[in-house]
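Let me begin by presenting the structure, written as structure tokens, before commenting on it.
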Amino acid sequence: MKYCSTRGKVQAESFEDVLFSGFTSDGGLYMPERIPVVDECTLQKWKSLSYMELVSEVTSLFIPPEEIPPEELKDLITNAYAEFQHKEIVSLAAVNNFHVLELFHGKTLAFKDFSLACVGTFMDYFLNKRRKHVITVVSTSGDTGSAAIESVRKSKWVDIIVMYPEGRCSQIQELQMTTILDENVHVIRGEGSSDDLDVPMKKCFSDDAFAKSNNLCVVNSINWCRIMVQTVHLLYAYLRVCCNVGDTVKFVIPSGGLGHCTAAMCLYKMGVPLQVVCAVNENDIVHRTLSLGDFSPSGDVRHTWSCSMDIEIPYNMERLLLLFSDMNYGRVDSLMRDFEQNKSLIIPEDLKGEMCKVLSSASMSCDQTLKTMKECWDENKYLLCPHTAVGVKVVWDQRHASDLKTPIICVATASPAKFPEAVRAAGIEMPPYPQLAELFTSPTRYTEMKKGEDWYQILRDMIKDISRNKHHNENNGTENGSEVR
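Pasting the structure below:
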């Protein structure tokens, strides 16, 4: 398996190359050169596998054995999930007449832990072999930052810079980032939205010479490895819920950057029969794209209770365009250049039609989110995070009697423990979560970026300082550089 850009001008890259890359040099995102098809016989065999066994089987379709031998791959995956709280790693809960896929039993209580645990482990595997240091840069709307930090904080080969938007994360999300004082962790709080923070990050990566000289990489869902691993827990849920392999299952996925949705569509292209509803909050570009064909930012990122979905430009839309254009790289290149030039894009009707055969969407308000949290608690004593509540509201709205034969899985993207403000706003007494209590008394550390400052230069200078310190310490025989503030 080799990898190429969504825009077609970068070809034949290895998995290792892609793991350590951000945007491609032509401005696109990496995708496998082909999506492997899995037949029903294989899916039937996979029904009996544990989650970690399934991760090994699926990732081996995308990671050539000459890059990571199968037995080593299994060991890496075992190590990646060693600290997860649930014995099965993934948990499925039954709520009324639908299923909830609980993806919050990792270290930071969010679904990002599942893929980033593997990303960090795979990175260390290759870096140990190469004796090479890298700097990973993350722009987060909430959960990615802390999960990314946890995935690499123990690595002597990785420094991580995480940028998060001031006042737009929950307090616990923020503390999960700012209380990590390891020398290889560098946190920036920016006065703006996560989309604002994407701008200096992308600018750093678009300077190819700068990115290469400082060994920059990303672990956002820009990173293909994130998408690859996310296909697995969706497949695991499908195999647990379907009566017979080959039956259709509907997934309702709370959506922001569309990484999860892209993973689901890769799974669909692999031969797994599913339907997907993208559940979004008031930042509804995904809903407008799928319902109207209008992929145009509104110009304002609204701050909602489901803050990890407060995203105006979901960059994985580019991957979806490639998947549904039958891997037509030239067409995707043309469409994305139009979008970048005009800051808006009308999806061609034929392409929108292909997407809507399997994808649909719905948008929920903040009031609807809180009401759903309250209603689900009162009726089922099942506590939802605000992101999952957006999905559950979609399930309730779309679950008709005629549709009861089709299993529905709502993806629970985070634990409600991370969002006590939303839980209390919904009129629910917040249950205690002792494992989070120490965050409130721990010291914090971060750098601030204010509006009007040159964020690109600030980020660029931090990267150069980290590289300089790393090289200095290597020359003096030490392993870890000191943080420059």
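Going by UniProt numbering, the first residue of the sequence shown is number 1, and it counts up by one from there.
Just so you know, even glycine gets a beta-carbon here, dropped at the ideal spot from N, CA and C.
Exercise. Looking only at its own chain, which residues have a Cβ that is under 8 Å from the Cβ of G167, when we skip the five neighbours before and after it?
Worked result: Position 167 of the sequence shown, counted from the first residue, corresponds to residue 167. Only H303 meet the Cβ criterion.
Problem set entry | Cβ contact (3+ pairs, closer than 8 Å) linking the stretch 289-300 and the stretch 349-356 | Yes, the stretch 289-300 touches the stretch 349-356.
Problem set entry | Terminal residues of the beta strand (DSSP E) in which D159 lies | What you label residue 159 is simply residue 159 of the sequence shown in a count that begins at 1. Run containing D159: 158-165, per the beta strand (DSSP E) assignment.
For this session: Assign P434 to buried or exposed, taking buried as 16 or more other Cβ atoms, counted over all protein chains shown, within 10 Å of its Cβ.
Result: One-based indexing of the sequence shown puts residue 434 at position 434. Exposed.
Problem set entry | Nearest candidate by alpha-carbon position, reference T108, set G246, I180, D198, K2 | Looking up residue 108 in the sequence shown gives position 108. Of G246, I180, D198, K2, the residue nearest in Cα terms is I180.
Exercise. Does the stretch 50-59 touch the stretch 91-102, meaning 3 or more C-beta pairs lie closer than 8 Å?
Worked result: By the Cβ rule, the stretch 91-102 does not count as touching the stretch 50-59, because fewer than three pairs are nearer than 8 Å.
Exercise. Taking all protein chains shown into account, do 16 or more other C-beta atoms lie within 10 angstroms of the C-beta of D113, making it buried, or fewer, making it exposed?
Worked result: As a working mapping, residue 113 is identified with position 113 in the sequence shown. Label assigned to D113: buried.
Exercise. Since A82 is in the alpha helix (DSSP H), which residue starts that stretch and which ends it?
Worked result: Sequence index remark: in the sequence shown, residue 82 carries index 82 (1-based). Per DSSP, A82 is not a residue of any alpha helix (DSSP H), being assigned neither H nor E.
Exercise. From the DSSP output, which residues share a beta bridge with R189?
Worked result: For this step, residue 189 is matched to residue 189 along the sequence shown. Residue pairing for R189: DSSP places it in a beta bridge opposite Y164, E448.
Exercise. With distances taken from CA atoms, which of I172, A93, V90, V218 is nearest S151?
Worked result: Working through the sequence shown from its first residue, we reach residue 151 at position 151. Of the listed residues, the one whose Cα sits closest to S151 is V218.
Problem set entry | Contacting residues, own chain, Cβ-Cβ under 6 Å from G28 (five flanking each side not counted) | Here residue 28 refers to the residue found at position 28 of the sequence shown. Cβ neighbours of G28 within its own chain (closer than 6 Å, five residues either side excluded): S5, T6, R7.
For this session: Evaluate contact between the stretch 304-324 and the stretch 29-39, counting only Cβ atoms and requiring at least three cross-stretch pairs below 8 Å.
Result: A contact between stretches requires three or more CB pairs, one per stretch, nearer than 8 Å, and the stretch 304-324 meets this requirement with the stretch 29-39.
Exercise. Anyone know if the C-beta pair for N223 and I135 falls short of 8 Å?
Worked result: Locating residue 223 in the sequence shown gives position 223, counting from the first residue. Locating residue 135 in the sequence shown gives position 135, counting from the first residue. No, they are not a contact pair.
Exercise. In three-state DSSP terms, what is M270?
Worked result: By 1-based counting over the sequence shown, the position of residue 270 is 270. In this structure, M270 counts as helix in the three-state DSSP scheme.
Problem set entry | Span of the beta strand (DSSP E) around V138 | Working through the sequence shown from its first residue, we reach residue 138 at position 138. Counting along the chain, the unbroken beta strand (DSSP E) around V138 starts and ends at 134-139.
For this session: Kindly list the residues whose CB is nearer than 6 Å to the CB of L43, restricted to its own chain and excluding five residues on each side of it in sequence; keep chain order.
Result: One-based indexing of the sequence shown puts residue 43 at position 43. So the list reads V245, once near-sequence residues are dropped.
For this session: Would you list the one or two residues that DSSP bridges to A263?
Result: Position 263 of the sequence shown, counting from 1, holds the residue named residue 263. Paired residues: none, contrary to the question.
For this session: Please report how far the alpha carbon of R153 lies from the alpha carbon of L404, in whole angstroms.
Result: Taking the sequence shown and counting its residues from 1, the one referred to as residue 153 is at position 153. Taking the sequence shown and counting its residues from 1, the one referred to as residue 404 is at position 404. The alpha-carbon atoms of R153 and L404 are separated by roughly 45 Å.
Exercise. Do you know offhand how far R131's Cα is from T369's?
Worked result: Within the sequence shown, numbered from 1, the residue matching residue 131 stands at position 131. Within the sequence shown, numbered from 1, the residue matching residue 369 stands at position 369. In this model, R131 and T369 are separated by some 48 Å (Cα to Cα).
Exercise. I think C261 touches C278, with their Cβ atoms under 8 Å apart; what is that distance to the nearest whole Å?
Worked result: Translated into positions along the sequence shown, residue 261 becomes position 261. Translated into positions along the sequence shown, residue 278 becomes position 278. Correct: roughly 5 Å between the Cβ atoms.
For this session: Could you tell me the boundaries of the alpha helix (DSSP H) in which A117 lies?
Result: As a working note, residue 117 is residue 117 in the sequence shown. According to the DSSP assignment, A117 belongs to the alpha helix (DSSP H) that extends over 112-130.
For this session: Please name the residue or residues paired with S361 in a DSSP beta bridge.
Result: If you number the sequence shown from 1, residue 361 lands on position 361. C278.
Exercise. Between the C-alpha atoms of Q11 and Y164, what's the straight-line distance to the nearest angstrom?
Worked result: Counting from 1 along the sequence shown, the entry for residue 11 is found at position 11. Counting from 1 along the sequence shown, the entry for residue 164 is found at position 164. Just so you know, the alpha carbons of Q11 and Y164 end up roughly 33 Å apart.
For this session: Please classify E53: does DSSP put it in a helix, a strand, or coil?
Result: Here residue 53 refers to the residue found at position 53 when the sequence shown is read from its first residue. Under the three-state reduction of DSSP, E53 is assigned to helix.
Problem set entry | DSSP-derived helix/strand/coil call for E479 | Your numbering for residue 479 matches position 479 in the sequence shown. In this predicted model, E479 has a pLDDT of only 48, less than 50, meaning its place in the structure is not dependable enough to derive any value.
Exercise. Of all the options S467, Y456, L234, N469, which has the alpha carbon lying nearest to the alpha carbon of F205?
Worked result: Taking the sequence shown and counting its residues from 1, the one referred to as residue 205 is at position 205. Of the candidates S467, Y456, L234, N469, the one whose C-alpha sits nearest the C-alpha of F205 is Y456.
Exercise. What number of angstroms, rounded off, separates the C-alpha of L61 from the C-alpha of L258?
Worked result: Here residue 61 corresponds to residue number 61 of the sequence shown, with the count starting at 1. Here residue 258 corresponds to residue number 258 of the sequence shown, with the count starting at 1. Their backbone Cα atoms lie some 22 Å apart in a straight line.
Exercise. Does the distance from the C-beta atom of L320 to that of M364 stay below 8 Å?
Worked result: In the sequence shown, residue 320 corresponds to position 320, counting from 1. In the sequence shown, residue 364 corresponds to position 364, counting from 1. Cβ distance not < 8 Å, so L320 and M364 don't count as in contact.
Problem set entry | Minimum length 4: unbroken alpha helix (DSSP H) runs contained in the stretch 411-451 | At a cut-off of 4 residues, the continuous stretches assigned as alpha helix (DSSP H) that sit fully inside the stretch 411-451 are 420-425, 434-437.
Exercise. So, are the CB atoms of F251 and V276 less than 8 Å apart?
Worked result: Start at 1 with the first residue of the sequence shown, and residue 251 comes out as number 251. Start at 1 with the first residue of the sequence shown, and residue 276 comes out as number 276. Their beta carbons are under 8 Å apart, which means F251 touches V276 by this criterion.
Exercise. Looking at the unbroken alpha helix (DSSP H) that takes in E349, where does it start and where does it end?
Worked result: One-based indexing of the sequence shown puts residue 349 at position 349. Residues 349-356.
For this session: Locate the beta strand (DSSP E) running through Y3, then write down its first and last residues.
Result: Here the question's residue 3 lines up with position 3 in the sequence shown. Y3 -> beta strand (DSSP E) spans 3-5.
Problem set entry | Proximal residues to L235 (C-beta, below 7 Å), its chain only, five neighbours per side dropped | Here the question's residue 235 lines up with position 235 in the sequence shown. Taken in chain order, the residues that qualify are L54, V58, L267, V272.
Exercise. Any contact of the stretch 338-346 with the stretch 386-395, i.e. 3+ C-beta pairs under 8 Å?
Worked result: Result no; under three Cβ-Cβ pairs closer than 8 Å.
Exercise. When DSSP labels each residue in this structure, what does H287 get in the three-state scheme?
Worked result: Against the sequence shown, residue 287 aligns to sequence position 287. Residue state, collapsed to three classes: helix.
For this session: Return helix, strand or coil for D39, following the three-state DSSP convention.
Result: The residue given as residue 39 occupies position 39 in the sequence shown. Residue state, collapsed to three classes: coil.
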